[in-house]
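Enquirer:
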Amino acid sequence: MDSVAEARPLSPTAKRSRFSRLLRKYALQIAIVFVALAILAFFIWRAPITFLSYDIYYSLMSTTPFFALIAIPLTLVIIAKEIDLSFTSVMAWGMTAFDVVFVATNNVWLGFIACLLAGLFAGWVNGMIVVKLGIPSLVATIGTQFLWRGVVLVVTNGQGLGLSAVKETVLYSALVGKIGDVIPAQFVWTIIIAIVIWFFLNRHKFGAHVYLVGDNADSAKLMGVDVGRTKILTFTIVGLAAAFAGFVVSTQVNYFWPTLGEGYLLNTLASVFLGGTSVFGGTGTIFGTFIASYIIAIINPGIVAAGWTAYWTQLIYGFIIVASVSLQAVLRRRLN
Amino acid sequence: MDNLLQLKNVSKTFGEVSAVHDVNLEIGTNEIVGLLGDNGAGKSTLVKLITGYHRPDPGGEIYWRNKKVDHLSVPKARELGIEVVYQERALADQQSLWRNIFLGREISNRWGMLDVKTMQHETQKLMHTAMGFTSSAVTSESVVGTFSGGERQGVAITRALYFKAELIILDEPTMGLSLSETRKCLDFVASIKAAGKAAVFIDHNIFHVYPVVDRIVVLDRGTVAGQFMKNELTLDELLDRLYRVAQTGSLENNQGATR
Numbered sequence: 240m241d242s243v244a245e246a247r248p249l250s251p252t253a254k255r256s257r258f259s260r261l262l263r264k265y266a267l268q269i270a271i272v273f274v275a276l277a278i279l280a281f282f283i284w285r286a287p288i289t290f291l292s293y294d295i296y297y298s299l300m301s302t303t304p305f306f307a308l309i310a311i312p313l314t315l316v317i318i319a320k321e322i323d324l325s326f327t328s329v330m331a332w333g334m335t336a337f338d339v340v341f342v343a344t345n346n347v348w349l350g351f352i353a354c355l356l357a358g359l360f361a362g363w364v365n366g367m368i369v370v371k372l373g374i375p376s377l378v379a380t381i382g383t384q385f386l387w388r389g390v391v392l393v394v395t396n397g398q399g400l401g402l403s404a405v406k407e408t409v410l411y412s413a414l415v416g417k418i419g420d421v422i423p424a425q426f427v428w429t430i431i432i433a434i435v436i437w438f439f440l441n442r443h444k445f446g447a448h449v450y451l452v453g454d455n456a457d458s459a460k461l462m463g464v465d466v467g468r469t470k471i472l473t474f475t476i477v478g479l480a481a482a483f484a485g486f487v488v489s490t491q492v493n494y495f496w497p498t499l500g501e502g503y504l505l506n507t508l509a510s511v512f513l514g515g516t517s518v519f520g521g522t523g524t525i526f527g528t529f530i531a532s533y534i535i536a537i538i539n540p541g542i543v544a545a546g547w548t549a550y551w552t553q554l555i556y557g558f559i560i561v562a563s564v565s566l567q568a569v570l571r572r573r574l575n
Numbered sequence: 021m022d023n024l025l026q027l028k029n030v031s032k033t034f035g036e037v038s039a040v041h042d043v044n045l046e047i048g049t050n051e052i053v054g055l056l057g058d059n060g061a062g063k064s065t066l067v068k069l070i071t072g073y074h075r076p077d078p079g080g081e082i083y084w085r086n087k088k089v090d091h092l093s094v095p096k097a098r099e100l101g102i103e104v105v106y107q108e109r110a111l112a113d114q115q116s117l118w119r120n121i122f123l124g125r126e127i128s129n130r131w132g133m134l135d136v137k138t139m140q141h142e143t144q145k146l147m148h149t150a151m152g153f154t155s156s157a158v159t160s161e162s163v164v165g166t167f168s169g170g171e172r173q174g175v176a177i178t179r180a181l182y183f184k185a186e187l188i189i190l191d192e193p194t195m196g197l198s199l200s201e202t203r204k205c206l207d208f209v210a211s212i213k214a215a216g217k218a219a220v221f222i223d224h225n226i227f228h229v230y231p232v233v234d235r236i237v238v239l240d241r242g243t244v245a246g247q248f249m250k251n252e253l254t255l256d257e258l259l260d261r262l263y264r265v266a267q268t269g270s271l272e273n274n275q276g277a278t279r
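Taken in sequence, the protein lines are chains A and B.
For the first sequence, the residue numbers in the working numbering are 240 to 575.
For the second sequence, the residue numbers in the working numbering are 21 to 279.
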């Protein structure tokens with residue numbers, strides 16, 4: 240029986256069906272790549288001077304990570320059928336922890352570690368509230384969004400902090416430096432984090448459980464998966480990533496603003512949903528989120544370079560998001 | 021007969037509702053026990069107690085091969101060899117076949133990294149042997165949500181079989197199945213007996229249960245209303261008694277009610 244099964248892929252019809260299977264399996268990813276290429280082609284056509292020079296791509300690589308760094312781990316939370324709206328405040332909360340520790344010790348590294356730990360803690364708190372108290376994550380994280388922003392404002396008294404001390408350490412070039420003058424370091428970090436999270440999502444027990452928990456939490460529980468722990472872990476990872484992204488943004492602009500993070504909420508969420516992750520949980524890919532974050536990022540400069548006013552930006556965002564998400568819904572129904 | 025599993029004075033209360041009350045039940049090695057009872061009789065709760073999903077109220081005891089088991093949990097029950105084919109099917113619809121087969125106990129190394137190749141290969145093998153999938157359109161990568169009711173049941177049963185269970189619990193396995201699929205499912209129960217394993221077969225339908233079991237336990241309103249060896253009574257007599265239970269809550273003038 241085995242030999243029959245193994246001989247099968249050799250026949251040409253089986254090969255074709257294997258190809259169509261792959262096509263089906265990756266249909267959403269292929270679709271998002273085509274959307275990205277179509278948009279890029281359109282902008283190259285409308286604004287060749289801008290889009291045929293390297294500068295625009297460099298600037299995209301340096302600014303997109305500010306929210307892509309969060310959107311990638313946020314994909315895990317949404318696959319697990321939860322949501323996190325608090326990361327905008329957690330970005331600033333992490334930097335507040337840096338602020339306090341740095342002012343007290345004058346040590347950038349201690350501050351950096353404090354920043355990451357603060358993010359980790361904030362994410363863990365989100366997870367605990369959702370899992371242990373059973374509060375829907377939409378509500379819980381609206382609450383913690385206000386909570387952490389409040390903590391930031393009270394602790395900093397609304398005052399920012401200059402970060403020239405960070406610029407003197409190796410941390411600066413490691414996080415936001417230029418690699419060979421052509422690639423910003425934060426882009427490399429985004430790729431590293433995407434690969435690491437992809438690995439854990441697809442090749443590790445943790446990721447298998449994230450999919451199961453989002454798909455059918457009851458089944459997962461009946462089969463012995465620790466649903467609560469899995470969810471708490473996803474929230475914690477987003478908290479950590481938000482603090483890291485907050486540090487990267489602040490380092491890039493050389494200043495910590497207590498309003499840090501405001502304005503990132505919708506871009507980040509849009510990247511995840513545009514990337515093909517279902518709000519109903521159980522499906523989603525890191526690759527999709529990664530590509531989608533660049534689609535979101537390219538629209539604004541593209542519109543300006545094409546000679547329209549920036550007033551068009553939101554309209555086009557809205558159109559692309561609604562159209563893509565509808566397309567995905569139709570594709571998904573067709574495929575099943 | 022040796023006891024494989026024994027429940028002693030097991031109760032389960034949810035808030036004020038007593039779902040299962042003071043149940044004593046034994047399951048012998050290589051015995052197929054049919055568990056009958058109306059909706060709300062406590063069948064599913066009893067199953068979830070046996071599989072470690074629920075903990076019994078204080079005072080209840082569970083024995084496995086005559087040894088007391090404390091703090092039974094789902095992973096622990098599996099380690100002992102208790103497998104369930106659930107009424108809810110317990111499948112993740114949007115995930116691939118291989119992920120469903122290995123749901124909750126993925127093959128991985130000690131760092132938790134998945135051995136995807138082995139799992140896919142094992143699934144492929146199971147598809148041709150145990151599940152009887154012959155169509156080349158279905159692979160280990162196929163998404164389970166696209167399968168028919170019978171195919172899904174096949175996945176759930178195969179999953180239980182693959183992990184070499186000692187005691188297989190089938191929670192209404194014939195629900196929603198076609199005639200031929202039901203036939204296949206009953207054959208499977210018979211094969212458990214032949215393989216020297218034990219099973220608890222839960223169903224509404226006495227015509228499905230009667231032919232394949234050794235003993236029948238009737239559950240009513242959370243307690244064991246009675247139990248019979250199959251060779252003690254005919255199908256007609258059993259039907260009579262079940263009607264009586266449904267009406268009066270007791271099997272009256274039967275000697276097997278409390279053992």
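No residue lacks a Cβ here, since even glycine has one placed at the ideal position from N, Cα and C.
#1: Does the ligand SAH have a heavy atom nearer than 8 Å to the CB of B:Val30?
#2: Hey, how far is the Cα of B:Lys32 from the Cα of B:Leu239?
#3: Which residues in chain A have a C-beta closer than 7 Å to the C-beta of B:Asp113? List them in chain order.
#4: At the 9 Å Cβ level, is B:Met249 part of the contact set with chain E, yes or no?
#5: Note the first and the last residue of the continuous alpha helix (DSSP H) segment covering B:His228.
#6: Skipping 5 residues on each side, what residues in its chain have a beta carbon closer than 8 Å to that of A:Ala286?
#7: Quick one: measure Cβ to Cβ for B:Asn23 and B:Lys213, integer angstroms, because I've assumed they're closer than 8 Å.
#8: May I ask you to report which of helix, strand or coil DSSP gives B:Leu111?
#9: What's the C-alpha gap between B:Asn273 and B:Phe167?
#10: When the distance is taken between beta carbons, is A:Thr522 closer than 9 Å to A:Val511?
#11: Do you know offhand how far B:Arg172's Cα is from B:Met195's?
#12: Could you have a look at A:Val464 and say whether DSSP puts it in helix, strand or coil?
#13: Which whole-angstrom value is the C-beta distance of A:Leu359 and A:Thr475, which I expect to be below 8 Å?
#14: Residues of chain B with a CB under 7 Å from the CB of A:Phe512: which are they?
#15: Report the rounded CA-to-CA distance for A:Ala531 versus A:Gly514, giving the unit in angstroms.
#16: Return yes when the Cβ of B:Thr71 is within less than 9 Å of the Cβ of B:Val89, no when it is not.
#17: Which residues in the same chain have their Cβ closer than 6 Å to the Cβ of B:Met139, if we skip the five residues on either side of it in sequence?
#18: Output, in sequence order along the chain, the residues in the region 122-142 of chain B whose CB is closer than 9 Å to any CB in chain A.
#19: For chain A, is any of its Cβ atoms less than 9 Å away from the one on B:Arg98?
#20: Tell me which residue opens and which closes the beta strand (DSSP E) that B:Gly246 is part of.
#21: What are the complete alpha helix (DSSP H) segments, minimum 4 residues, inside the region 274-326 of chain A?
#22: How should A:Ser298 be labelled, buried or exposed, when 16 other C-beta atoms within 10 angstroms of its C-beta is the threshold for buried?
#23: In whole angstroms, what is the alpha-carbon distance linking A:Ile322 and A:Asn365?
#24: Which residues of chain B have a Cβ atom closer than 7 Å to the Cβ of A:Lys444, listed in chain order?
#25: Which first and last residues belong to the beta strand (DSSP E) in which A:His443 is found?
#26: I'd like to know whether the C-beta of A:Ile269 is nearer than 9 Å to at least one C-beta of chain B.
#27: Would a check of beta-carbon distances place B:Arg279 closer than 9 Å to chain A?
#28: Flag this pair as touching only if the region 464-475 of chain A and the region 308-325 of chain A have three or more C-beta atom pairs under 8 Å; answer yes or no.
#29: Using C-beta distances below 7 Å, list every residue in its chain close to A:Ala433, excluding the 5 sequence neighbours before and after it, in chain order.
#30: Can a CB atom of chain B be found closer than 9 Å to the CB of A:Leu461?
#31: Restricting to Cα atoms, I'd like to know which of A:Leu355, A:Ile422, A:Leu414 is closest to A:Ile295.
#32: Does DSSP put B:His74 in a helix, a strand or coil?
#33: I want to verify the contact list: residues of chain A whose CB lies under 7 Å from the CB of B:Ala110, in sequence order.
#34: DSSP puts B:Tyr182 in a beta bridge; with which residues?
#35: Does the structure place the region 410-419 of chain A close enough to the region 484-503 of chain A that three or more beta carbon pairs sit under 8 Å?
#36: Count the other CB atoms within 10 Å of the CB of A:Asp454; is the residue buried (16 or more) or exposed (fewer)?
Expert: According to the data block:
#1: For the ligand SAH, the structure offers nothing, since it holds no ligand at all.
#2: Approximately 14 Å, taken between the alpha carbons.
#3: Asp454, Asn455
#4: The structure shown contains no chain E; the protein chains it does contain are A and B.
#5: 226-232
#6: Gly541, Ala544, Ala545, Gly546
#7: The distance from the Cβ of B:Asn23 to that of B:Lys213 is about 17 Å, inconsistent with a contact at the 8 Å cut-off.
#8: coil
#9: Residue confidence is low: B:Asn273 scores 49 on pLDDT, short of 50, so the model does not pin down where it sits. Its coordinate-derived value is still stated next. Straight-line Cα distance between these residues: approximately 48 Å.
#10: Contact flag unset, no.
#11: Each residue's Cα considered, the two are about 12 Å apart.
#12: coil
#13: 6 Å
#14: By Cβ distance, chain B contributes nothing, its closest Cβ being about 16 Å from A:Phe512, past 7 Å.
#15: Their Cα atoms are separated by approximately 5 Å.
#16: no
#17: Trp118, Phe122, Ile127
#18: Phe122, Leu123, Gly124, Arg125, Glu126, Ser128, Trp131, Gly132, Met133, Leu134, Val136
#19: yes
#20: 243-249
#21: 287-290, 293-302, 304-318
#22: exposed
#23: Spanning the alpha carbons of A:Ile322 and A:Asn365 requires a straight line of approximately 10 Å.
#24: Glu126, Ser128, Gly132, Leu134
#25: Counting along the chain, no beta strand (DSSP E) covers A:His443, and no H or E run does either.
#26: no
#27: Reliability of the predicted coordinates at B:Arg279 is poor, the pLDDT of 40 falling under 50, and the value obtained from them is presented with this limitation in mind. No, because no Cβ of chain A sits closer than 9 Å to the Cβ of B:Arg279.
#28: yes
#29: Ile311, Ile525, Phe529
#30: yes
#31: A:Ile422
#32: coil
#33: Ordered by position in chain A, the residues that pass the 7 Å Cβ test against B:Ala110 are Ser458, Leu461, Met462.
#34: None, per the DSSP bridge assignment.
#35: yes
#36: buried
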